[in-house]
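J.:
Residue numbers (the numbering used here), protein chains in the order written: chain A, 56 to 169; chain B, 2 to 114.
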């Protein structure tokens with residue numbers, strides 16, 4: 056069982072909708088990540104939060120807006136998305152003091168934009 | 002641009018066969034991980050290798066980190082249908098408080114019963 060929980064597991068939205076993806080971990084990790092993954096491709100990094108501060112934004116369009124309310128929670132707010140944004144969105148966490156790089160992933164939120 | 006190239010991209014084999022997946026780069030990494038991802042799930046960490054030349058075994062899976070820490074291999078002995086999935090290598094560089102991994106291009110493995 057994964058210790059990173061993502062909700063919802065599936066989301067269908069129109070291009071004018073506003074929705075949010077949520078991620079929660081209770082492993083005491085202080086770094087949290089959003090990745091986007093297309094079918095049969097590797098995950099692509101979107102955002103990294105370290106100690107609740109945004110540390111990396113991989114030039115992601117502003118229609119994706121991350122938020123880290125506290126050390127256990129990570130949100131991804133979605134607005135005015137395009138059909139090409141349909142993908143599996145993965146949340147991950149890591150312990151920043153361990154620089155061997157291991158990530159713990161959630162099961163993902165499957166997003167379909169109509 | 003740092004790239005981790007995996008080969009082969011796709012592999013379909015029969016149960017009981019052996020296979021090797023390769024992960025190559027021109028960059029040096031401080032560590033390298035292997036993940037397996039099943040359909041509809043997130044990637045799951047299999048192993049981390051840190052030292053050049055290191056070999057780690059996980060049941061029927063053997064992982065090796067190249068001497069120069071630029072490449073790695075995953076060997077599966079007597080593959081089973083449960084080994085089916087997307088195998089991803091990922092390289093890490095020491096970078097402070099966050100871990101920005103470079104993911105490999107992926108190898109999709111299908112083991113037929």
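Where is the CB? At the ideal position from N, CA and C, for every residue including glycine. The model shown is predicted, which means the values in this text are computed figures rather than measured ones.
According to DSSP, simplified to helix, strand and coil, what is residue 92 of chain B?
T.: Note: residue 92 of chain B maps to strand in three-state DSSP.
J.: Counting only the same chain and skipping the five closest in sequence on each side, list residues whose C-beta sits under 6 Å from that of residue 56 of chain A.
T.: Low confidence applies here, because residue 56 of chain A scores a pLDDT of 49, under 50, leaving its location unreliable; read the following figure in that light. No residues qualify anywhere along the chain.
J.: So residue 77 of chain B packs on residue 20 of chain B, CB below 8 Å; how close in whole Å?
T.: So it is a contact: roughly 5 Å between Cβ atoms.
J.: At least one CB of chain B closer than 8 Å to the CB of residue 109 of chain A: is that the case?
T.: Closer than 8 Å: no.
J.: Could you give the C-beta distance for residue 108 of chain B and residue 15 of chain B, rounded to a whole number, given that I count them as a contact under 8 Å?
T.: Rounded, the Cβ-Cβ distance is 17 Å, inconsistent with contact.
J.: Output yes if chain B places a C-beta closer than 8 Å to the C-beta of residue 98 of chain A; else output no.
T.: Answer yes: the Cβ-Cβ gap between residue 98 of chain A and chain B drops below 8 Å somewhere.
J.: Report the neighbours of residue 160 of chain A on chain B: residues whose CB is nearer than 9 Å to its CB, in chain order.
T.: What residue 160 of chain A touches in chain B: 36, 38, 42, 43, 44, 45 and 46.
J.: Any beta carbon from chain A within less than 8 Å of residue 17 of chain B's own beta carbon?
T.: No, its Cβ sits nowhere closer than 8 Å to a Cβ of chain A.
J.: With a threshold of 7 Å on Cβ separation, who are the neighbours of residue 46 of chain B within its own chain once the five nearest residues in sequence on each side are excluded?
T.: So the qualifying residues of the chain are 34 and 36.
J.: Ordered along the chain, which non-local residues of its own chain (more than five positions away) have a Cβ less than 7 Å from that of residue 142 of chain A?
T.: Once the five neighbours on either side are set aside, the close Cβ partners of residue 142 of chain A are 91, 92, 93 and 166.
J.: Can you tell me whether residue 121 of chain A is helix, strand or coil according to DSSP?
T.: If DSSP states are grouped into helix, strand and coil, residue 121 of chain A belongs with the strands.
J.: Spell out a yes or no on whether the region 75-91 of chain B and the region 52-65 of chain B are touching, meaning 3 or more CB-CB pairs, one atom from each, closer than 8 Å.
T.: Output reads yes: the region 52-65 of chain B touches the region 75-91 of chain B.
J.: Have a look at residue 96 of chain A and residue 135 of chain A and give me their C-alpha separation to the nearest angstrom.
T.: Distance between the alpha carbons of residue 96 of chain A and residue 135 of chain A is about 24 Å.
J.: Got a sec: is the Cβ-Cβ distance from residue 104 of chain B to anything in chain A below 8 Å?
T.: Yes - at least one Cβ of chain A is within 8 Å of the one on residue 104 of chain B.
J.: Any idea what DSSP makes of residue 86 of chain B, helix, strand or coil?
T.: The answer is strand: DSSP assigns residue 86 of chain B an E or B state.
J.: Taking only beta-carbon atoms, is residue 109 of chain B less than 8 Å away from chain A?
T.: At least one chain A Cβ lies under 8 Å of residue 109 of chain B.
J.: Using a C-beta cutoff of 8 Å, does residue 32 of chain B count as contacting chain A?
T.: Residue 32 of chain B counts as touching chain A.
J.: In chain order, what residues of the same chain lie with their CB nearer than 6 Å to the CB of residue 128 of chain A, ignoring the 5 residues before and after it?
T.: If we look at residue 128 of chain A and ignore the five residues flanking it on each side, its Cβ neighbours are 79.
J.: Extract the residue ranges of the beta strand (DSSP E) inside the region 134-169 of chain A, only unbroken runs of 3 or more that lie entirely within it.
T.: Entirely contained in the region 134-169 of chain A, the beta strand (DSSP E) runs reaching 3 residues are, in chain order, 142-149 and 164-168.
J.: Tell whether a beta-carbon distance below 8 Å holds between residue 162 of chain A and residue 42 of chain B.
T.: Yes.
J.: Is the distance from the Cβ of residue 121 of chain A to the Cβ of residue 133 of chain A below 8 Å?
T.: In this structure, residue 133 of chain A does not lie closer than 8 Å to residue 121 of chain A by Cβ.
J.: Cβ of residue 157 of chain A less than 8 Å from any chain B Cβ?
T.: Cβ-Cβ to chain B under 8 Å: yes for residue 157 of chain A.
J.: Report the rounded CA-to-CA distance for residue 116 of chain A versus residue 75 of chain A, giving the unit in angstroms.
T.: Taking the straight line from one Cα to the other gives about 15 Å.
J.: In chain B, which residues lie less than 8 Å from residue 69 of chain A when you measure between Cβ atoms?
T.: Those within 8 Å of residue 69 of chain A in chain B number zero; the least Cβ separation is about 23 Å.
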